[in-house]
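*Asks:* Each step along the sequence shown adds one to the number in UniProt numbering, with nothing skipped, and position 90 is 90. Note that beta-carbon positions come from the ideal geometry of N, C-alpha and C, so glycine has one too. This is the structure I want to talk about, given as structure tokens.
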Amino acid sequence: MILLSWNSRGLGNQRGVRSLSDLVREEGPKVLFLQETRLQVKEMEKIKYKLGYDNCLAVSSEGRSGGLALLWRNDVNLDIKHYSKNHIHASIQDSSTDYAPWYFTGVYG
1 MILLSWNSRG LGNQRGVRSL SDLVREEGPK VLFLQETRLQ VKEMEKIKYK LGYDNCLAVS
61 SEGRSGGLAL LWRNDVNLDI KHYSKNHIHA SIQDSSTDYA PWYFTGVYG
């Protein structure tokens, strides 16, 4: 399983979204953690579809700073345990393996 964590420094422009889309296409992560999206939840939902992900937990930015998102595909069993404006904590298991679930905590700020 591939998990990608990326400080996007803002996804409000086409260039940033295109760069991220290229990276996702190259690396093929099943789970994607984004920091500093500088977006609201509704905007992040649109990007989720552009990137080809099935699920997303987004935390809105405050003004022009912050914003987090965790995106994942349907073949990953992901359970959000806790989140705030500075972190997302989840249990993750790749459904194509019989490995035990593991924990991920993505932090920003």
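Mind checking TRP102: buried by the 16 CB within 10 Å criterion, or exposed?
*Replies:* Position 102 of the sequence shown, counting from 1, holds the residue named residue 102. By the neighbour-count rule (16 or more Cβ atoms within 10 Å), TRP102 is not buried but exposed.
*Asks:* Thinking C-alpha only, which one of ASN86, LEU51, ARG64 and VAL59 is nearest TRP72?
*Replies:* As a working mapping, residue 72 is identified with position 72 in the sequence shown. Here the closest residue by C-alpha is LEU51.
*Asks:* What residue range is occupied by the uninterrupted beta strand (DSSP E) comprising TYR103?
*Replies:* Your numbering for residue 103 matches position 103 in the sequence shown. Segment 102 to 107, the beta strand (DSSP E) holding TYR103.
*Asks:* DSSP three-state label for LYS48, please.
*Replies:* Start at 1 with the first residue of the sequence shown, and residue 48 comes out as number 48. Of the three classes helix, strand and coil, the one that applies to LYS48 here is helix, per DSSP.
*Asks:* Helix, strand or coil: how does DSSP classify SER61 here?
*Replies:* Position 61 of the sequence shown holds residue 61. In the structure shown, SER61 sits in coil (DSSP, three-state: anything other than H, G, I, E or B).
*Asks:* Grouping DSSP H, G and I as helix and E and B as strand, with all else coil, what is GLN40?
*Replies:* Here residue 40 refers to the residue found at position 40 of the sequence shown. Here GLN40 sits in coil by DSSP.
*Asks:* LYS42: which of THR105, ARG15, ASN7 and LEU68 sits nearest, CA to CA?
*Replies:* Within the sequence shown, residue 42 is the residue found at index 42, counting from 1. Of the candidates THR105, ARG15, ASN7 and LEU68, the one whose C-alpha sits nearest the C-alpha of LYS42 is LEU68.
*Asks:* Terminal residues of the continuous beta strand (DSSP E) containing ASP94?
*Replies:* For the purposes of this step, residue 94 is taken as the residue at position 94 of the sequence shown. 87 to 94 is the span of the beta strand (DSSP E), which, as asked, contains ASP94.
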